[in-house]
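Single-structure report; data block below.
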Amino acid sequence: MLPHPTLADHYATPEAKPEFVNRLFDKGAKHYDGIVDWGFLRSGARYRRWTQKRHGLRPGQHVLDVACGTGLVALAAAQILGTAENITCLDPSEGMLAIARTKLHAHFVQGRAESLPFPDNSFDFLTMGYALRHVTSLEETFGEYRRVLKPGGRVLILEVTKPAGRFSGFLFRLYFGRVYPWLTQLFTRSHDARDMMRYYWETMDACVPPATVLNALRAAGFSAVKRESLLGLFSEYTAVKA
Ligand SMILES: C[S@@+](CC[C@H](N)C(=O)[O-])C[C@H]1O[C@@H](n2cnc3c(N)ncnc32)[C@H](O)[C@@H]1O
Numbered sequence: 409m410l411p412h413p414t415l416a417d418h419y420a421t422p423e424a425k426p427e428f429v430n431r432l433f434d435k436g437a438k439h440y441d442g443i444v445d446w447g448f449l450r451s452g453a454r455y456r457r458w459t460q461k462r463h464g465l466r467p468g469q470h471v472l473d474v475a476c477g478t479g480l481v482a483l484a485a486a487q488i489l490g491t492a493e494n495i496t497c498l499d500p501s502e503g504m505l506a507i508a509r510t511k512l513h514a515h516f517v518q519g520r521a522e523s524l525p526f527p528d529n530s531f532d533f534l535t536m537g538y539a540l541r542h543v544t545s546l547e548e549t550f551g552e553y554r555r556v557l558k559p560g561g562r563v564l565i566l567e568v569t570k571p572a573g574r575f576s577g578f579l580f581r582l583y584f585g586r587v588y589p590w591l592t593q594l595f596t597r598s599h600d601a602r603d604m605m606r607y608y609w610e611t612m613d614a615c616v617p618p619a620t621v622l623n624a625l626r627a628a629g630f631s632a633v634k635r636e637s638l639l640g641l642f643s644e645y646t647a648v649k650a
């Protein structure tokens, strides 16, 4: 199952999506950290650390950060672990990886969530921050997550989710659909950065509901599947490989 239908204004077929997404992040990479810093009111680093700690990340664990981007989730994990040596960061975009490599001494691998280049039972904790919308199959992705986690290992997926209420939905649409891309263009003077944030919005708008994500995690064989949400907006999906 796709996390959202084909967005025909951007790419013609589901097969064309990975190349489109890769180009988008390669081109927007140098702007990414700045945009998410002010766009989320400078809360990103603290939130990424707080949520990983709350969901059980502990020193000594081996971590896989899928869709690491510029390394924001992995950096927060390294603060909790006290080192980055047990962290593996994976992303298909060389542009995003190049920035992440300058920030921490983790292991970096170019690859995709749907086909992880790691042996079975390799990691204690697997994270994915704000990237589930970009995969081509929830089944393949979650099947891979379960395969590479050790028994008892935990997955934590962070996402921004369109709120259910009418007024909160209106504010969400106004901010992410209009204000955020417009401010991005204003501050960065980059069409690439603006396009990245427009696409960010369109994928959030078109994304499958949380119940579909939870069902897909259960179908992949995970147990203790849960979603916690902050302000109805920030989703934290967790699951355990029994
Ligand atoms: C919005 S960024 C998130 C970066 C980082 N996790 C964070 O919390 O800021 C989305 C990332 O997902 C990556 N990505 C896109 N398709 C992917 C896939 N199929 N598998 C893994 N990562 C993917 C992109 O290259 C990009 O770096």
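Position one of the sequence shown corresponds to residue 409 (my numbering), numbered consecutively onward. Beta carbons are placed, not taken as given, at the ideal position from N, Cα and C, and that holds for glycine.
Bridge pairing for residue 516: 497 [DSSP].
Apart from the 5 residues on each side of it in sequence, residue 562 sits with its Cβ closer than 8 Å to the Cβ of 463, 464, 532, 533, 534, 646, 647, 648 and 649 in its chain, given in chain order. DSSP places residue 554 in the helix class (H, G or I) of the three-state scheme.
The closest CA to that of residue 498, considering only 490, 521 and 588, is found on 521. Taken in chain order, the complete beta strand (DSSP E) segments of 3 or more residues contained in the segment 535 to 622 are 557 to 568. At least one heavy atom of ligand 1 lies closer than 6 Å to the C-beta of residue 542.
The segment 450 to 461 makes no contact with the segment 569 to 586: fewer than 3 CB pairs, one atom from each, lie closer than 8 Å.
For residue 475, the Cβ falls inside the 6 Å cut-off from some heavy atom of ligand 1.
When secondary structure is reduced to three states using DSSP, residue 511 falls in the coil class, being assigned neither helix nor strand. Sequence-distant Cβ neighbours of residue 542 in its own chain, meaning closer than 6 Å and more than five residues away, are 429. Residue 446 is classed as exposed because its beta carbon has fewer than 16 other beta carbons within 10 Å across all chains shown.
The straight-line gap separating the alpha-carbon atoms of residue 516 and residue 431 is approximately 19 Å. Taking the Cα of residue 631 as reference, the smallest distance to any Cα among 530, 639, 506 and 557 is reached at 557. Within the segment 451 to 494, the complete alpha helix (DSSP H) segments at least 4 residues long are 452 to 462 and 480 to 489, listed from N- to C-terminus.
If you draw a straight line from the Cα of residue 416 to the Cα of residue 490, it is about 44 Å long. In the structure shown, the three-state DSSP call for residue 419 is coil. In the DSSP assignment, residue 437 falls within the alpha helix (DSSP H) that extends over 425 to 447.
Distance from the Cα of residue 609 is smallest, within the candidate group 440, 624 and 584, for 584. Residue 433 has its Cβ nearer than 6 Å to a heavy atom of ligand 1. With a 10 Å radius around the Cβ and a threshold of 16 neighbouring Cβ atoms, residue 427 comes out exposed. Residue state for residue 524 is assigned as coil, using DSSP reduced to three classes. Distances from the CA of residue 480 to each of 495, 469 and 586 were compared; the closest alpha carbon is that of 495.
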